[in-house]
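For the record, in the sequence shown the residue sitting at position 5 is 126 according to our numbering, with numbers rising by one throughout. Note that the Cβ used here is the ideal one computed from N, Cα and C, for glycine as well. All figures in this text were calculated on a predicted structure; none of them were measured in a lab.
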Amino acid sequence: MTGASDRGTAPVVLSMGGSVLVTGDGDERYLPDLVVLLRRLMEEFPLVVTAGGGRVARDYIRLGRSLGLTETELDELGIDVSRLNARLLASLIGPPCPAHPAGSIAEAVRDAHRSPIIVLGGTEPGHTTDGVAGMLAERLRAQRLVNATRVPGVFERDPRKDPTARRIDRLDYAGFRKMVDAAVSGTAGQQFVFDRLGLDALARAQIPLRIVEGRDLANLERALRGEKFVGTEIR
Numbered sequence: 122m123t124g125a126s127d128r129g130t131a132p133v134v135l136s137m138g139g140s141v142l143v144t145g146d147g148d149e150r151y152l153p154d155l156v157v158l159l160r161r162l163m164e165e166f167p168l169v170v171t172a173g174g175g176r177v178a179r180d181y182i183r184l185g186r187s188l189g190l191t192e193t194e195l196d197e198l199g200i201d202v203s204r205l206n207a208r209l210l211a212s213l214i215g216p217p218c219p220a221h222p223a224g225s226i227a228e229a230v231r232d233a234h235r236s237p238i239i240v241l242g243g244t245e246p247g248h249t250t251d252g253v254a255g256m257l258a259e260r261l262r263a264q265r266l267v268n269a270t271r272v273p274g275v276f277e278r279d280p281r282k283d284p285t286a287r288r289i290d291r292l293d294y295a296g297f298r299k300m301v302d303a304a305v306s307g308t309a310g311q312q313f314v315f316d317r318l319g320l321d322a323l324a325r326a327q328i329p330l331r332i333v334e335g336r337d338l339a340n341l342e343r344a345l346r347g348e349k350f351v352g353t354e355i356r
């Protein structure tokens with residue numbers, strides 16, 4: 122089996138939030154089902170998956186910050202955890218997915234041209250895994266990027282704090298960038314639905330971004346396929 126360039130089909134990029142991938146609640150049921158989905162889809166189009174660090178990364182970052190580590194050192198802690206999550210998912214997928222996730226954008230591009238599916242974590246301080254996903258989507262001329270999060274799309278306000286908050290089904294890049302700028306400070310471990318770096322890469326390349334609730338696998342599959350889905354699409 123060959124990779125993206127040999128197959129002649131543009132890849133789809135999936136950014137898996139660490140708080141979706143490994144939650145401590147039902148992971149032993151969710152992860153095998155996710156793997157079945159990814160292995161099925163990689164037969165139809167190449168897949169590039171980034172894995173976030175999630176709660177464990179934030180715990181290390183919180184502890185490190187309290188002990189006086191720099192933001193770069195905190196970022197590096199988060200990257201290491203994201204790479205553990207990527208290694209777990211890659212191992213579950215098995216061949217032809219590379220068992221050792223790429224450590225840089227250049228390595229990931231190389232691997233994506235050789236395999237129908239790759240998984241990686243963070244790459245360098247200052248780049249979230251969403252940012253890595255956005256840059257890879259641009260470099261690989263992806264069909265779309267799907268961001269699997271804990272909430273089903275972009276909302277006017279945080280729906281975990283305000284259950285009456287309305288989901289926004291469609292946004293343009295400029296409108297979404299304003300929301301990101303208002304909410305993101307750039308410190309290590311901060312949570313938001315997507316980051317500036319990834320969004321800028323997608324906007325430059327005019328690649329659609331779909332934001333979905335990552336544990337709803339049927340809806341995640343529709344988003345990855347480019348079908349009608351429940352969530353938010355940014356174009």
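Residue i versus the options, residue with shortest Cα-Cα distance
| i | options | result |
| --- | --- | --- |
| ILE328 | ASP293, VAL141 and ALA207 | ASP293 |
| VAL314 | LEU257, PHE297, LEU345 and TYR181 | PHE297 |
| ALA233 | THR270, PRO167, ARG271 and ALA269 | PRO167 |
| VAL177 | GLY138, ALA258 and LEU155 | GLY138 |
| GLY199 | GLY242, PRO222, PRO237 and ILE238 | GLY242 |
| GLU259 | ASN268, ARG325 and ILE238 | ARG325 |
| ARG356 | GLY347, LEU323 and ARG343 | LEU323 |
| MET163 | VAL275, SER140, ALA131 and VAL141 | ALA131 |
| LEU155 | SER212, ASP196, PHE276 and GLY347 | SER212 |
| SER140 | LEU195, ASP196 and VAL202 | VAL202 |
Exposed unless 16 or more other CB atoms sit within 10 angstroms - verdict on residue i
| i | result |
| --- | --- |
| LYS349 | exposed |
| ARG331 | buried |
| GLU87 | Since the first and last residues shown for the chain are 122 and 356, residue 87 lies out of range. |
| THR191 | exposed |
| VAL157 | exposed |
| GLY310 | For GLY310, the predicted structure reports a pLDDT of 47, less than 50, and the residue's modelled location is therefore unreliable. A value from the coordinates is still provided. Under this definition GLY310 is a buried residue. |
| ALA295 | exposed |
| ARG278 | exposed |
| SER187 | exposed |
| ARG179 | buried |
| LEU184 | exposed |
| GLU354 | buried |
| PRO153 | exposed |
| ALA303 | exposed |
The alpha helix (DSSP H) enclosing residue i, as first and last residue numbers
| i | result |
| --- | --- |
| ALA269 | Run containing ALA269: none in the alpha helix (DSSP H); it sits in the beta strand (DSSP E), 265-270. |
| LEU184 | 175-187 |
| LEU198 | 192-214 |
| VAL253 | 250-261 |
C-beta atoms of residue i and residue j nearer than 8 Å
| i | j | result |
| --- | --- | --- |
| VAL253 | ILE226 | yes |
| LEU135 | VAL170 | yes |
| MET230 | LEU210 | It is Val, not Met, that sits at residue 230 in the sequence shown. Not closer than 8 Å, so no. |
| THR250 | GLY173 | yes |
| LEU318 | GLY255 | yes |
| GLY121 | PRO273 | A query on residue 121 cannot be resolved here, the shown segment of the chain reaching from 122 to 356 and no further. |
| VAL333 | LEU320 | no |
| LEU345 | VAL133 | yes |
| ILE214 | ARG271 | no |
| PRO222 | ARG235 | no |
| PHE276 | ARG291 | no |
The beta strand (DSSP E) enclosing residue i, as first and last residue numbers
| i | result |
| --- | --- |
| GLU354 | 353-355 |
| ALA172 | 168-172 |
| ILE328 | Careful: ILE328 lies outside any beta strand (DSSP E) and carries neither H nor E. |
| VAL157 | Premise fails: VAL157 lies in the alpha helix (DSSP H), 148-162, not in any beta strand (DSSP E). |
| VAL240 | 238-241 |
| SER225 | Here SER225 belongs to no beta strand (DSSP E), and DSSP marks it neither H nor E. |
| VAL143 | Per DSSP, VAL143 belongs to no beta strand (DSSP E) and is neither H nor E. |
| VAL314 | It is not in any beta strand (DSSP E) - VAL314 carries neither H nor E in the DSSP assignment. |
(request) Give a yes or no on contact between the segment 234-248 and the segment 263-274, applying the rule of three or more CB pairs nearer than 8 Å. (result) no
(request) State whether the segment 217-233 contacts the segment 144-152, with contact taken as three or more CB pairs (one from each stretch) at a distance under 8 Å. (result) The segment 217-233, when compared against the segment 144-152, does not touch it at the 8 Å Cβ threshold.
(message) Could you check whether the segment 274-286 touches the segment 184-200, counting it as contact only if at least three pairs of C-beta atoms, one from each stretch, sit closer than 8 Å?
(response) Not touching, per the Cβ criterion.
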